[in-house]
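Heads up: the sequence shown begins at 23 in our numbering, then just goes up one per residue.
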Amino acid sequence: MRALRASQAFDGERFIGPVDVVLDHEGRIAEVSPWREHGSAVDLEDLGDVTILPGLVDAHQHLSWDCSPDPLGWHASNDDATLLDTARANARRALTAGITTVRDLGSRGSVALGLRDGIATDPSSGPRILASGPALTTPGGHCHFLGGECADRDELLAAVTRLAEAGVDVIKVMATGGNVTPGSLPHEAQFGPADLRAVVDAAHARGLPVAAHAHGTGGVVNALDAGVDTIEHCTFMTAEGVAQDQALIDRLAAYGTPVVLTAGSLPGPMLPALAARLPALLAHIRVMLDAGVRCVLATDAGIGPPKPHDVLVLAVLQAYEMVGVPVEQALAMCTSRAADALEIGDEAGRLAAGRAADLLVVAGRLDLDARALGTPLRVLRRGVDVLEA
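Structure (structure tokens):
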């Protein structure tokens, strides 16, 4: 076995000071302890003035998307082999930034499943992937170009069966329209609560969670009433701005349904609909957090130029700098809390014995300088170094 000694550590919820993290031969954490003497069976490596933390969990990406401003055109002009090659490169980019788990919530056909299964045979080649395959949507609805169009409840149920048999990890359904599909409007609901409930019941019967894309409050209410497992975006967007609906925020907090915030963007032009609403969206996030809504920090990586697949680091920094989220809370939202929301908390998101040795090591004291997160020195996937400066 070997031990990594760090001057600071974040365990998934809080900073815990100097630690030794002992790794076993199976790619798992055997022990996390304050600095101590180890027997001859443990090779100790002193990493110096660094912070060690669990690998980051991005609960919402699109690995096979190329970050172009025209997702529909990208999918129309490229075959599945090209999408898979793109996904491999994007997965590697995410991993080398310290993102060791990605939930892919929208790809064409079996592309994400092929990527997931390939990485499973060589964990050092990419992050752990949870894949939904094509998102279920209305004819011509948001992300229809992925192949998940369903005209009625029978087609929704048939799609759930088909995806379950294909081996997906999660069902994704579009409860509202979105921002990147021409003719689709994020404030308009796409499926009603009865249809969404049918999807949830069918998925749960097969042991699969349901992630619902929902921007407008009508879609959020429908998703909440249907009992989905996570609500993606949850922006409360209206035709003109962002709704102020404290009663709905209080319901979200009371239900405890995880809300996956898709934050983090490179500097530069944003989608006009988001740029115009940015101050209101930031205030909305603050209100949800203050109300106790169970929030997870993710990115929606791949959907456009500001959203490369390593942008989760910026999401943490922007939550800290623009919304006022404490560093510990922002980190927890993309480690332990994200892992719990994805129902993999016994495997990922915590610096604790028994978890996979998916680790990130950054220069200096992350508790004193949040920007240290952007300086990864080591990334380990199942105990194997995939980045070493």
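Where is the CB? At the ideal position from N, CA and C, for every residue including glycine.
### Task
Would you be able to state if there are at least three C-beta pairs under 8 Å between the stretch 164-173 and the stretch 202-211?
Output reads yes: the stretch 164-173 touches the stretch 202-211.
### Task
Give the DSSP-derived three-state secondary structure of Arg150 in the structure shown.
Position 128 of the sequence shown, counting from 1, holds the residue named residue 150. Residue state for Arg150 is assigned as strand, using DSSP reduced to three classes.
### Task
Would you decide whether Leu390 is buried or exposed? Buried here means 16 or more other CB atoms lie within 10 Å of its CB.
Numbered from its first residue, the sequence shown carries residue 390 at position 368. Flag for Leu390 reads exposed.
### Message
Considering only the alpha carbon of each residue, which of Leu274, Leu106 and Leu178 lies closest to Asp223?
### Response
Translated into positions along the sequence shown, residue 223 becomes position 201. Closest by C-alpha distance to Asp223, out of Leu274, Leu106 and Leu178, is Leu178.
### Query
Which residues bound the alpha helix (DSSP H) around Ser62?
The sequence position of residue 62 within the sequence shown is 40, counting from 1. Counting along the chain, Ser62 falls outside any alpha helix (DSSP H), and DSSP gives it neither H nor E.
### Message
Under 8 Å: do the stretch 263-280 and the stretch 240-247 share three or more Cβ pairs, one atom per stretch?
### Response
Using a C-beta cut-off of 8 Å, the stretch 263-280 makes contact with the stretch 240-247, since at least three inter-stretch Cβ pairs fall below that distance.
#### Entry: Those runs of the alpha helix (DSSP H) which lie wholly inside the stretch 114-197 and span at least 4 residues
The stretch 114-197 contains these whole alpha helix (DSSP H) runs: 133-143 and 175-188.
### Message
Taking 8 Å as the cut-off, does the stretch 399-407 touch the stretch 349-365 (at least 3 CB pairs, one atom from each stretch)?
### Response
Touching, no, given that fewer than three Cβ pairs across the two stretches are closer than 8 Å.
### Glu350, enclosing alpha helix (DSSP H) - first and last residue
Taking the sequence shown and counting its residues from 1, the one referred to as residue 350 is at position 328. Taken as a continuous stretch (DSSP letters only), the alpha helix (DSSP H) holding Glu350 covers Val349 to Ala354.
### Closest residue to Ile193 among Glu67, His237 and Arg125 (Cα-Cα distance)
Sequence index remark: in the sequence shown, residue 193 carries index 171 (1-based). Considering only Glu67, His237 and Arg125, the residue with the shortest C-alpha distance to Ile193 is Arg125.
### Query
Are Pro328 and Ser358 touching if we call contact CB-CB under 8 Å?
Here the question's residue 328 lines up with position 306 in the sequence shown. Here the question's residue 358 lines up with position 336 in the sequence shown. Taking the C-beta atoms as reference points, Ser358 is found no nearer than 8 Å to Pro328.
### Message
Spatial neighbours of Asn201 within its chain, please: C-beta separation below 6 Å, excluding the five flanking residues on both sides.
### Response
For the purposes of this step, residue 201 is taken as residue 179 along the sequence shown, with counting starting at 1. Result list for Asn201: Pro208, Leu293 and Ala295, in chain order.
#### Entry: Range covered by the beta strand (DSSP E) that runs through Asp46
Position 24 of the sequence shown, counting from 1, holds the residue named residue 46. Careful: Asp46 lies outside any beta strand (DSSP E) and carries neither H nor E.
#### Entry: the ligand NAD heavy atom lying under 7 Å from the CB of Leu178
In the structure shown, the ligand NAD is absent, as is every other ligand, since no ligand is present at all.
#### Entry: Counted within 10 angstroms of its Cβ, other Cβ atoms place Asp174 as buried (16 or more) or exposed
Position 152 of the sequence shown holds residue 174. Taking a 10 Å sphere around the C-beta of Asp174, we find fewer than 16 other C-beta atoms and assign the residue as exposed.
### Task
Round the Cβ separation of Ile121 and Leu78 to the nearest angstrom and send it over; I've been treating them as touching at under 8 Å.
Your numbering for residue 121 matches position 99 in the sequence shown. Your numbering for residue 78 matches position 56 in the sequence shown. At roughly 5 Å, the Cβ-Cβ gap stays under 8 Å, so Ile121 and Leu78 are in contact.
### Query
Looking at the structure shown, is Arg403 part of a helix, part of a strand, or coil, going by DSSP?
Mapped onto the sequence shown, residue 403 falls at position 381. DSSP places Arg403 within a strand segment (E or B) once states are collapsed to three.
### Message
Going by C-alpha to C-alpha distance, which of Gly169, Leu230 and Ala220 sits closest to Glu187?
### Response
Your numbering for residue 187 matches position 165 in the sequence shown. With distances taken between Cα atoms, Glu187 lies closest to Leu230.
### Query
Mapping DSSP to helix, strand and coil, what is His255?
Translated into the one-based positions of the sequence shown, residue 255 becomes position 233. Secondary structure at His255: strand, using DSSP grouped into helix, strand and coil.
### Continuous alpha helix (DSSP H) stretch holding Ile366: start and end
Locating residue 366 in the sequence shown gives position 344, where the first residue counts as 1. From DSSP, Ile366 is part of no alpha helix (DSSP H); its letter is neither H nor E.
### Task
Tell me whether Ala411 is buried or exposed, calling it buried when 16 or more other Cβ atoms sit within 10 Å of its Cβ.
Locating residue 411 in the sequence shown gives position 389, counting from the first residue. Only weak support is given to the placement of Ala411: the predicted model assigns it a pLDDT of 48, under 50, and the question is left unresolved by the model.
#### Entry: Touch test, the stretch 147-162 against the stretch 129-137, Cβ-Cβ under 8 Å, three pairs minimum
Because the criterion of three Cβ pairs below 8 Å is met, the stretch 147-162 and the stretch 129-137 touch.
### Query
Smallest Cα separation from Ile325: which of Ala248, Gly61, Ala28 and His82?
Against the sequence shown, residue 325 aligns to sequence position 303. Cα-wise, what sits closest to Ile325 is His82.
### Message
I'd like the list of long-range same chain contacts for Pro56, defined as Cβ closer than 8 Å, with 5 residues on each side in sequence excluded.
### Response
If you number the sequence shown from 1, residue 56 lands on position 34. Excluding residues up to 5 positions away in sequence, Gly39, Pro40, Val41 and Asp42 lie with their Cβ nearer than 8 Å to the Cβ of Pro56 in the same chain.
### Query
How would you write the range of the alpha helix (DSSP H) that His97 sits in, first residue to last?
The count along the sequence shown starts at 1 and reaches residue 97 at position 75. For His97, the enclosing alpha helix (DSSP H) starts and ends at Pro93 to Ala98.
### Query
Looking at the unbroken alpha helix (DSSP H) that takes in Val242, where does it start and where does it end?
By 1-based counting over the sequence shown, the position of residue 242 is 220. For Val242, the enclosing alpha helix (DSSP H) has its first and last residue at Thr239 to Ala248.
#### Entry: Three-state secondary structure (DSSP) of Val221
Along the sequence shown, read from residue 1 onward, the residue named residue 221 stands at position 199. DSSP places Val221 in helix when its eight states are reduced to three.
### Contact under 8 Å by Cβ, Pro76 with Leu283
Stepping through the sequence shown from its first residue, residue 76 is reached at position 54. Stepping through the sequence shown from its first residue, residue 283 is reached at position 261. No, the Cβ-Cβ distance between Pro76 and Leu283 is not below 8 Å.
### Message
My assumption, with CB atoms under 8 Å, is that His237 sits in contact with Thr198. Please give the rounded CB distance.
### Response
Indexing the sequence shown from 1 puts residue 237 at position 215. Indexing the sequence shown from 1 puts residue 198 at position 176. 5 Å between Cβ atoms; contact.
#### Entry: Phe37 vs Glu350 beta-carbon contact at 8 Å
Looking up residue 37 in the sequence shown gives position 15. Looking up residue 350 in the sequence shown gives position 328. In terms of Cβ geometry, Phe37 and Glu350 form a close pair [threshold 8 Å].
### Query
With a cut-off of 8 Å, does the C-beta of Leu66 fall near any C-beta of chain B?
Included in the structure is just one protein chain, with no chain B present.
#### Entry: Host alpha helix (DSSP H) of Ile271 (start-end)
As a working mapping, residue 271 is identified with position 249 in the sequence shown. DSSP places Ile271 inside the alpha helix (DSSP H), whose first and last residues are Gln268 to Tyr277.
### Query
According to DSSP, is Gln212 helix, strand or coil?
As a working mapping, residue 212 is identified with position 190 in the sequence shown. Looking at Gln212 - three-state DSSP - the assignment turns out to be coil, as it is neither helix nor strand.
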